[in-house]
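Protein sequences, first through last, are from chains E and S.
According to the numbering used here, the first sequence is numbered sequentially starting from 70.
According to the numbering used here, the second sequence is numbered sequentially starting from 70.
Each residue gets a CB set at the ideal place from its N, CA and C atoms; glycine is no exception.
These figures come from a predicted structure and were not determined experimentally.
There are 2 protein chains.
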Amino acid sequence: MKELIEKGKKARQAARFLAQAPASAKNAVLNEAAGSLVRSAGIILSANEKDMKNAREGGLKGAIMDRLLLTQERIASMAEGLRQITLLEDPVGEVLSMKKRPNGLVIGQKRVPMGVIGIIYESRPNVTADVFGLCLKTGNAAILRGGKEAFQSNFAITKIIQNVLEENGFPPECLQLVEDTSRESAVALMKLDEYLDLLIPRGGAGLIRTVVENSHVPVIETGVGNCHIFVDESADLDRAVAITVNAKTQRPGVCNAVESLLVHERVAEKFLPLAGKELLKRGVEIRGDKKTCEIIPGAVPATEEDWATEFLDLILAVKTVSSMDEAIGHIQTYGSGHSEAILTENYSNAQAFLDRVDAAAVYVNASTRFTDGFEFGFGAEIGISTQKLHARGPMGLKELTSTKYIIYGNGQTRE
Amino acid sequence: MKELIEKGKKARQAARFLAQAPASAKNAVLNEAAGSLVRSAGIILSANEKDMKNAREGGLKGAIMDRLLLTQERIASMAEGLRQITLLEDPVGEVLSMKKRPNGLVIGQKRVPMGVIGIIYESRPNVTADVFGLCLKTGNAAILRGGKEAFQSNFAITKIIQNVLEENGFPPECLQLVEDTSRESAVALMKLDEYLDLLIPRGGAGLIRTVVENSHVPVIETGVGNCHIFVDESADLDRAVAITVNAKTQRPGVCNAVESLLVHERVAEKFLPLAGKELLKRGVEIRGDKKTCEIIPGAVPATEEDWATEFLDLILAVKTVSSMDEAIGHIQTYGSGHSEAILTENYSNAQAFLDRVDAAAVYVNASTRFTDGFEFGFGAEIGISTQKLHARGPMGLKELTSTKYIIYGNGQTRE
Numbered sequence: 070m071k072e073l074i075e076k077g078k079k080a081r082q083a084a085r086f087l088a089q090a091p092a093s094a095k096n097a098v099l100n101e102a103a104g105s106l107v108r109s110a111g112i113i114l115s116a117n118e119k120d121m122k123n124a125r126e127g128g129l130k131g132a133i134m135d136r137l138l139l140t141q142e143r144i145a146s147m148a149e150g151l152r153q154i155t156l157l158e159d160p161v162g163e164v165l166s167m168k169k170r171p172n173g174l175v176i177g178q179k180r181v182p183m184g185v186i187g188i189i190y191e192s193r194p195n196v197t198a199d200v201f202g203l204c205l206k207t208g209n210a211a212i213l214r215g216g217k218e219a220f221q222s223n224f225a226i227t228k229i230i231q232n233v234l235e236e237n238g239f240p241p242e243c244l245q246l247v248e249d250t251s252r253e254s255a256v257a258l259m260k261l262d263e264y265l266d267l268l269i270p271r272g273g274a275g276l277i278r279t280v281v282e283n284s285h286v287p288v289i290e291t292g293v294g295n296c297h298i299f300v301d302e303s304a305d306l307d308r309a310v311a312i313t314v315n316a317k318t319q320r321p322g323v324c325n326a327v328e329s330l331l332v333h334e335r336v337a338e339k340f341l342p343l344a345g346k347e348l349l350k351r352g353v354e355i356r357g358d359k360k361t362c363e364i365i366p367g368a369v370p371a372t373e374e375d376w377a378t379e380f381l382d383l384i385l386a387v388k389t390v391s392s393m394d395e396a397i398g399h400i401q402t403y404g405s406g407h408s409e410a411i412l413t414e415n416y417s418n419a420q421a422f423l424d425r426v427d428a429a430a431v432y433v434n435a436s437t438r439f440t441d442g443f444e445f446g447f448g449a450e451i452g453i454s455t456q457k458l459h460a461r462g463p464m465g466l467k468e469l470t471s472t473k474y475i476i477y478g479n480g481q482t483r484e
Numbered sequence: 070m071k072e073l074i075e076k077g078k079k080a081r082q083a084a085r086f087l088a089q090a091p092a093s094a095k096n097a098v099l100n101e102a103a104g105s106l107v108r109s110a111g112i113i114l115s116a117n118e119k120d121m122k123n124a125r126e127g128g129l130k131g132a133i134m135d136r137l138l139l140t141q142e143r144i145a146s147m148a149e150g151l152r153q154i155t156l157l158e159d160p161v162g163e164v165l166s167m168k169k170r171p172n173g174l175v176i177g178q179k180r181v182p183m184g185v186i187g188i189i190y191e192s193r194p195n196v197t198a199d200v201f202g203l204c205l206k207t208g209n210a211a212i213l214r215g216g217k218e219a220f221q222s223n224f225a226i227t228k229i230i231q232n233v234l235e236e237n238g239f240p241p242e243c244l245q246l247v248e249d250t251s252r253e254s255a256v257a258l259m260k261l262d263e264y265l266d267l268l269i270p271r272g273g274a275g276l277i278r279t280v281v282e283n284s285h286v287p288v289i290e291t292g293v294g295n296c297h298i299f300v301d302e303s304a305d306l307d308r309a310v311a312i313t314v315n316a317k318t319q320r321p322g323v324c325n326a327v328e329s330l331l332v333h334e335r336v337a338e339k340f341l342p343l344a345g346k347e348l349l350k351r352g353v354e355i356r357g358d359k360k361t362c363e364i365i366p367g368a369v370p371a372t373e374e375d376w377a378t379e380f381l382d383l384i385l386a387v388k389t390v391s392s393m394d395e396a397i398g399h400i401q402t403y404g405s406g407h408s409e410a411i412l413t414e415n416y417s418n419a420q421a422f423l424d425r426v427d428a429a430a431v432y433v434n435a436s437t438r439f440t441d442g443f444e445f446g447f448g449a450e451i452g453i454s455t456q457k458l459h460a461r462g463p464m465g466l467k468e469l470t471s472t473k474y475i476i477y478g479n480g481q482t483r484e
């Protein structure tokens with residue numbers, strides 16, 4: 070696709086510029102972009118109105134309309150995001166190790182930008198500014214392919230940022246928005262491995278699956294979280310209720326919310342009525358196994374499918390288990406490798422659960438809701454990786470970098 | 070494909086066992102496998118004879134026959150490789166960082182095995198033992214899909230190792246060989262993302278390209294090296310001759326051998342006759358630009374294609390350039406991001422070349438031939454990554470691991 074090849078070439082040039090740009094210059098651009106977004110809020114809001122109008126006319130409604138909507142407050146929050154990124158340390162250039170070899174070669178490993186990063190996303194226009202901030206700070210050029218329903222908003226934000234780039238002597242192609250929003254342009258981006266070093270899909274499970282199956286560019290898979298909490302027989306039950314309620318209800322629509330609760334049968338009769346009462350009070354639908362339904366009158370029977378479902382809603386699957394082994398087996402079968410927690414006062418069980426459960430984040434005695442770049446102290450987040458290659462769990466600035474070996478010699482040849 | 074799904078399931082089980090196996094038990098298996106390979110050399114050699122006979126009858130010859138051939142010595146060397154891996158530190162379990170957050174959560178990042186690693190390779194049966202050693206040491210189960218010409222050899226080696234695994238109480242499925250060697254089985258392995266965490270192709274450019282384009286499993290791209298040496302105007306010319314000759318002729322068939330030489334025009338008249346003489350004496354064909362052909366009488370004119378070619382042979386493309394900028398531009402256009410060197414006595418040029426050239430390994434005043442896990446001091450190598458995701462440059466044991474976050478709480482919930 071011609072548009073993408075041209076954008077790819079320009080992004081590669083911009084990436085070469087960015088790789089050499091000092092942190093101070095990158096931070097200046099980020100601060101000015103923040104200011105410019107706020108000053109140009111009128112332009113952005115009127116573009117967003119067009120998107121909203123088209124969406125309404127196209128019959129969209131509910132959560133997608135909320136994701137699409139921009140307000141003064143949301144624009145201020147995008148700007149604040151850019152300003153906060155200026156406060157983080159620039160990871161580029163850090164030398165991770167440097168050693169002298171017996172032959173006198175001094176071999177160092179240095180952190181460098183990835184190069185050109187592609188992002189395919191859906192209806193949230195704030196992603197445009199967020200991704201720009203993270204990529205610019207880490208010296209990467211970005212090619213964004215947003216959803217067609219947000220095109221006017223994305224285009225307005227991109228233009229404002231490109232002007233700031235130019236005014237600061239940066240190539241405007243540090244940030245490029247794909248103007249063709251057809252399905253074909255998304256597929257073409259997945260085949261652009263000559264110019265892209267990394268592709269990150271941000272969106273629902275369908276989008277992510279399509280990218281994983283079609284991309285020639287290395288991908289980081291993000292997002293799907295079928296998270297579990299296991300209440301062990303030694304758990305502090307009051308805490309367990311609070312953690313369960315928090316993990317399910319504090320924000321049910323996100324990937325680190327708990328979807329299944331596993332309860333040791335020795336504490337089920339005591340714990341489930343307490344937890345059930347608090348959950349039902351907050352409107353949570355409980356889908357339980359036989360024993361759970363006997364203990365919690367308001368529960369409905371769970372189906373096999375429920376154990377495998379990321380509800381992203383006020384629904385919780387609940388199962389009683391006879392041992393920690395059974396709980397771990399259940400998590401191995403149905404978990405998506407995102408966030409898993411054990412609630413226990415037993416030292417050996419805590420350690421064994423941490424060792425044996427294979428997930429991006431494994432917790433003892435805390436809510437799964439903490440799996441997040443900000444909560445982990447990274448100061449930023451581009452997504453939460455559920456794959457094992459390159460990055461696993463919340464990804465901050467470092468995860469947008471690669472490394473290269475730099476070797477200082479004085480005439481060495483190989484024998 | 071049924072065979073692969075079954076092998077995938079068993080590999081996942083074996084990986085769970087391996088993730089918990091202590092280093093001492095893994096090392097014991099590696100030592101015993103080494104001994105068993107040597108003791109069973111007769112079985113391996115007779116299987117290899119069958120492969121060699123089939124290959125001869127199938128019309129194969131030359132380098133591929135040499136790659137396929139096993140001897141007592143080569144078997145001893147496979148065994149020695151396994152023993153050496155026992156001497157390396159087990160990377161699994163290392164805690165890379167652990168920090169207490171303001172809310173009291175203690176968040177650590179721990180090194181864990183990848184899980185199940187697939188390898189697609191061609192005709193070298195020694196890869197079977199090498200990959201087994203690296204994967205077992207790092208707690209990964211391996212599914213190998215070797216070339217059909219080496220099947221009997223691979224099968225014999227796998228059986229011997231599987232017996233050792235079983236005798237030591239390990240699941241034999243820690244190592245599995247795909248018995249279907251059709252093209253379909255390779256493609257099916259690329260789609261086995263439900264069971265595979267990583268797929269590494271080891272072989273020629275065609276194989277690697279097929280895997281990159283078809284895999285649903287995360288891939289590490291290895292190998293292609295169109296490497297350059299730039300002789301700057303301030304280079305020590307005697308050293309430059311020695312380094313150029315070494316990088317081209319010490320082992321021309323490998324990815325870190327130099328393929329193109331860029332010479333600053335201010336030293337061309339002095340350097341090229343010296344280098345040309347040594348190269349021609351060693352049978353190197355020199356394909357030069359106009360100026361090079363004028364200076365070296367034995368040189369032939371280079372075509373555009375030559376600048377982009379990984380010869381893997383005693384052929385060297387030679388171009389004169391008017392500046393370091395031109396040299397870097399040439400490398401940006403034609404390089405494959407593997408290994409690039411500048412030969413210079415100028416401090417600023419050395420630093421600028423290290424900064425600006427985007428490759429896995431960038432050298433000052435040394436031969437490109439050092440890009441290699443053993444030369445870098447890793448004690449082992451599974452390949453040389455030319456991508457930027459996860460691993461770049463020589464990959465040792467650490468590059469076969471992932472991480473997970475382990476979080477110690479005491480009742481934290483998110484506000």
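Terminal residues of the alpha helix (DSSP H) in which residue i lies
| i | result |
| --- | --- |
| E:Pro-342 | 334 to 350 |
| E:Ser-105 | 92 to 108 |
| S:Leu-137 | 132 to 137 |
| S:Ile-41 | In the structure as shown, chain S starts at 70 and stops at 484, and residue 41 of chain S therefore has no counterpart that could be examined. |
| S:His-399 | 393 to 403 |
| E:Ala-80 | 71 to 89 |
| E:Phe-201 | 195 to 206 |
Proximity to residue i [Cα-Cα], best of the options
| i | options | result |
| --- | --- | --- |
| E:Met-259 | E:Phe-201, E:Tyr-190, E:Gly-111 | E:Tyr-190 |
| E:Thr-207 | E:Ala-371, E:Gly-398, E:Ala-88, E:Ala-368 | E:Ala-88 |
| E:Ile-298 | E:Ser-93, E:Ala-132, E:Val-175, E:Ala-430 | E:Ala-430 |
| E:Ala-460 | E:Val-288, E:Ala-311, E:Asn-325 | E:Val-288 |
| S:Pro-194 | S:Asn-283, S:Leu-412, S:Lys-119 | S:Lys-119 |
| S:Thr-155 | S:Tyr-264, S:Gln-221, S:Gly-202 | S:Gly-202 |
Under the three-state DSSP convention, the category residue i falls into
| i | result |
| --- | --- |
| S:Pro-182 | strand |
| E:Ala-530 | Because chain E here runs from 70 to 484, residue 530 of chain E falls outside it and cannot be looked at. |
| E:Tyr-477 | strand |
| S:Ile-154 | helix |
| E:Gln-456 | coil |
| S:Arg-438 | helix |
| S:Cys-296 | strand |
| S:Tyr-190 | strand |
Buried/exposed call for residue i, threshold 16 Cβ in 10 Å
| i | result |
| --- | --- |
| E:Ile-355 | buried |
| E:Ser-408 | buried |
| S:Asp-301 | buried |
| S:Lys-122 | exposed |
| E:Val-394 | Residue 394 of chain E is actually Asp in this sequence, not Val. Counting Cβ neighbours within 10 Å, E:Asp-394 comes out exposed, since fewer than 16 surround it. |
| E:Phe-443 | exposed |
| E:Ser-251 | exposed |
| S:Val-181 | buried |
| S:Asp-358 | buried |
Extent of the continuous beta strand (DSSP E) run through residue i
| i | result |
| --- | --- |
| E:Arg-284 | This sequence places Ser at residue 284 of chain E; Arg is not what is there. Looking at the DSSP string, E:Ser-284 is not in any beta strand (DSSP E), and its letter there is neither H nor E. |
| E:Met-464 | 462 to 464 |
| E:Leu-268 | 267 to 271 |
| S:Tyr-432 | 430 to 435 |
* To do: Could you please tell me which residues of the stretch 422 to 452 of chain S, in chain order, have their CB closer than 8 Å to any CB of chain E?
  => Those would be Leu-423, Asp-424, Arg-425, Asp-427, Ala-428, Ala-429, Ala-430, Val-431, Tyr-432, Val-433, Asn-434, Ala-435, Ser-436, Arg-438, Phe-439, Thr-440, Glu-444, Phe-445, Gly-446, in chain order.
* Against chain E: residues of the stretch 459 to 475 of chain S by CB proximity under 7 Å -> His-459, Arg-461, Gly-462, Ser-471, Thr-472, Lys-473, Tyr-474, Ile-475
* Mind checking the stretch 256 to 274 of chain S against chain E and listing, in chain order, the residues whose C-beta falls within less than 8 Å of any C-beta there? => Asp-262, Asp-266, Leu-267
* If you measure beta-carbon to beta-carbon, which residues of the stretch 115 to 141 of chain S are closer than 7 Å to chain E? -> When CB distances to chain E are screened at a threshold of 7 Å, not a single residue of the stretch 115 to 141 of chain S falls below it.
* Return the residues of the stretch 274 to 285 of chain S that lie within a Cβ-Cβ distance of less than 7 Å from chain E, sorted by chain order. => Val-281, Glu-282, His-285
* Asked: When you check each C-beta in the stretch 143 to 155 of chain E against every C-beta of chain S, which residues fall closer than 7 Å?
  -> none
* Cβ-based contacts, 7 Å cut-off: residues of the stretch 306 to 322 of chain E near chain S -> Arg-308, Ala-311, Ile-312, Asn-315, Gln-319
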